[in-house]
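Right, one structure below, let's go through it.
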Amino acid sequence: TIPDLVTEMYKETPHILHMAAGQSVFSHLVQLVENEAILTEGDPSADGIYKPLRKS
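Take 37 as the starting number for the sequence shown in the working numbering and just add one per residue.
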């Protein structure tokens with residue numbers, strides 16, 4: 037989930053900035069879904085689960 041990603045990616049960033057970081061991560065995830073680089077069930081959402089697209 038986005039909070040999990042933010043916690044891992046922004047370990048050294050003050051927690052108060054994690055909401056802004058989460059918005060940035062979400063924007064990137066939306067773009068990746070639109071570019072068919074990752075998958076999520078339904079429309080992208082803040083609490084969605086994202087998985088890499090397996091290309092054959």
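Even glycine gets a Cβ: it sits at the ideal position worked out from N, Cα and C.
- Query: Among the residues of its own chain, which have a CB less than 6 Å from the CB of L41, if the five just before and after it don't count?
  - Reply: Contacts found: V61.
- Task: Give the range of the beta strand (DSSP E) segment to which L75 is assigned.
- Result: It spans I74 to T76 - the beta strand (DSSP E) in which L75 sits, taken as one unbroken run.
- Query: Can you give, in chain order, each stretch of the beta strand (DSSP E) that sits fully within the region 49–87 and has at least 3 residues?
  - Reply: The qualifying runs are 74–76.
- Distance, Cα to Cα, E48 vs P39? Cα-Cα distance, rounded: 15 Å.
- Item | Under the three-state DSSP convention, the category T43 falls into | Here T43 sits in helix by DSSP.
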